[in-house]
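The structure under discussion appears below in the form of structure tokens.
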Amino acid sequence: MILRRMEPQTESAVEVARQAGFDLSLVDLNLALSYEERVLQHAAVLEFALELAAAGAAFYAQSAPVAEPTR
Amino acid sequence: MHNLHQLLNRLADAGVDFVVVGGFAGVIHGSALVTQDVDVCAVLSAENVEKIRGALADINPVHRQTHRLLSFLEHPAPGQALVNLYLKTDRGVIDILSSILGIGDYERLRQRAISLPLFGRTFAVISIEDLIVAKEAVGREKDLLAAKELRAIAAKRNLRPAD
Numbered sequence: 001m002i003l004r005r006m007e008p009q010t011e012s013a014v015e016v017a018r019q020a021g022f023d024l025s026l027v028d029l030n031l032a033l034s035y036e037e038r039v040l041q042h043a044a045v046l047e048f049a050l051e052l053a054a055a056g057a058a059f060y061a062q063s064a065p066v067a068e069p070t071r
Numbered sequence: 072m073h074n075l076h077q078l079l080n081r082l083a084d085a086g087v088d089f090v091v092v093g094g095f096a097g098v099i100h101g102s103a104l105v106t107q108d109v110d111v112c113a114v115l116s117a118e119n120v121e122k123i124r125g126a127l128a129d130i131n132p133v134h135r136q137t138h139r140l141l142s143f144l145e146h147p148a149p150g151q152a153l154v155n156l157y158l159k160t161d162r163g164v165i166d167i168l169s170s171i172l173g174i175g176d177y178e179r180l181r182q183r184a185i186s187l188p189l190f191g192r193t194f195a196v197i198s199i200e201d202l203i204v205a206k207e208a209v210g211r212e213k214d215l216l217a218a219k220e221l222r223a224i225a226a227k228r229n230l231r232p233a234d
């Protein structure tokens with residue numbers, strides 16, 4: 001297996017992303033997937049995120065303080 | 072269920088020519104960022120708008136940026152010029168743009184797009200180089216951040232094992 005030489009520009013782009021807070025191990029995992037697998041994984045994550053958001057909205061709607069009647 | 076790629080299948084089934092752009096294109100290129108919508112670039116001719124209406128007719132498409140969530144099936148009236156469509160449907164959110172900042176209109180984008188196999192068909196997807204240009208041209212903080220990840224992905228692709 002031959003790896004191409006890392007160019008300074010390459011090293012810089014990876015480092016810039018890392019310093020911006022990206023966990024590039026997640027990118028590595030994605031790059032190991034097929035295009036279809038990336039789309040399906042994204043769909044599953046989005047679905048979970050939307051379910052969490054809905055659960056959070058329901059929780060805060062239930063626990064919202066009831067307004068006192070105006071005197 | 073928000074399977075955004077099913078929205079793409081609907082457009083393709085209806086005979087709409089488009090290029091996948093935005094965060095969803097980023098996902099296809101390997102981004103780990105999650106997006107809630109799918110963006111495509113297409114010519115918003117009267118003929119194409121009718122095709123898009125047909126493609127989305129049974130999933131309640133509405134103009135999500137209008138106060139009363141006007142139905143896309145009724146607005147705009149036929150023949151009225153459109154630049155962009157920002158729609159919400161029962162299957163997810165889709166934006167249909169007639170041009171991409173930093174790149175140009177559909178024709179220019181299509182010439183530079185790459186063709187990728189997805190779910191038994193071939194989709195035109197903005198190249199990662201153009202996606203970086205577009206994100207940086209928009210210039211919002213979230214887009215600049217996404218561009219940094221995309222630049223890292225482009226760099227990492229150059230490090231993958233040679234055949």
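For the protein sequence lines, the chains are A and B, in the order given.
With the working numbering, letter number 24 in the first sequence gets 24, and the count goes up by one each step, no holes.
In the working numbering, each number is its position in the second sequence, counted from 1, plus 71.
Even for Gly, the Cβ is constructed at its ideal location relative to N, Cα and C.
Keep in mind it's a predicted model, so treat the numbers as computed, not measured.
(request) Measure the alpha-carbon distance for residue 1 (chain A) versus residue 137 (chain B) and round it to whole angstroms. (result) Per-residue confidence for residue 1 (chain A) stands at a pLDDT of 49, beneath the threshold of 50, marking its modelled position as unreliable; the derived number appears in the next sentence. Computed Cα separation, rounded: 55 Å.
(message) Short of 6 Å in beta carbon distance, which residues of its chain neighbour residue 109 (chain B), apart from the five on each side in sequence? Order them along the chain.
(response) Excluding positions up to five away in sequence, the list reads 75, 78, 95 and 165.
(message) Measuring straight from C-alpha to C-alpha, what distance separates residue 107 (chain B) and residue 157 (chain B)?
(response) Roughly 13 Å between the two C-alpha positions.
(request) Compare the Cα-Cα distances from residue 112 (chain B) to each of B:140, B:202, B:125 and B:161 and report the closest residue. (result) Closest by alpha carbon: B:202.
(request) Could you name the residues of the same chain whose beta carbon sits closer than 8 Å to that of residue 87 (chain B), not counting the 5 residues immediately before and after it, in chain order? (result) Taken in chain order, the residues that qualify are 113, 119, 122, 123 and 126.
(request) Please list the partners that residue 101 (chain B) has in chain A, where partner means a Cβ-to-Cβ separation under 7 Å. (result) Within 7 Å Cβ-Cβ: 27, 30, 31 and 38.
(message) Taking the beta carbon of residue 90 (chain B) as the centre, do at least 16 other beta carbons fall within 10 Å, making it buried, or is it exposed?
(response) Burial state of residue 90 (chain B) is buried, judged by a 10 Å Cβ sphere holding 16 or more other Cβ atoms.
(message) Assuming contact is defined by CB atoms lying nearer than 8 Å, are residue 184 (chain B) and residue 197 (chain B) in contact in what I supplied?
(response) Yes, Cβ-Cβ distance for residue 184 (chain B) and residue 197 (chain B) is below 8 Å.
(request) Take residue 222 (chain B) and list the residues in its own chain whose beta-carbon comes closer than 7 Å to its own, dropping the five residues that flank it on each side. (result) Cβ within range, chain order: 203.
(message) Closest to residue 170 (chain B) by C-alpha separation, out of B:208, B:84 and B:103, would be which residue?
(response) The residue with the shortest Cα to Cα distance from residue 170 (chain B) is B:208.
(request) Alpha carbon to alpha carbon, how far is residue 69 (chain A) from residue 167 (chain B)? Give it in angstroms, no decimals. (result) Roughly 47 Å separates the two Cα atoms.
(request) Examine chain B for any beta-carbon lying closer than 8 Å to the beta-carbon of residue 51 (chain A), and answer yes or no. (result) Under the Cβ criterion of 8 Å, residue 51 (chain A) is not counted among the residues facing chain B.
(request) Could you confirm whether any beta carbon from chain B is found closer than 8 Å to the beta carbon of residue 13 (chain A)? (result) It does: the Cβ of residue 13 (chain A) has a partner Cβ on chain B nearer than 8 Å.
(request) Would you tell me roughly how many angstroms separate the C-alpha atoms of residue 233 (chain B) and residue 178 (chain B), rounded to the nearest one? (result) For residue 233 (chain B), the predicted structure reports a pLDDT of 46, less than 50, and the residue's modelled location is therefore unreliable. The matter cannot be settled from this model.
(request) Please state whether DSSP places residue 210 (chain B) in a helix, a strand or coil. (result) Residue 210 (chain B) sits in coil when the DSSP states are folded into three classes, being neither helix nor strand.
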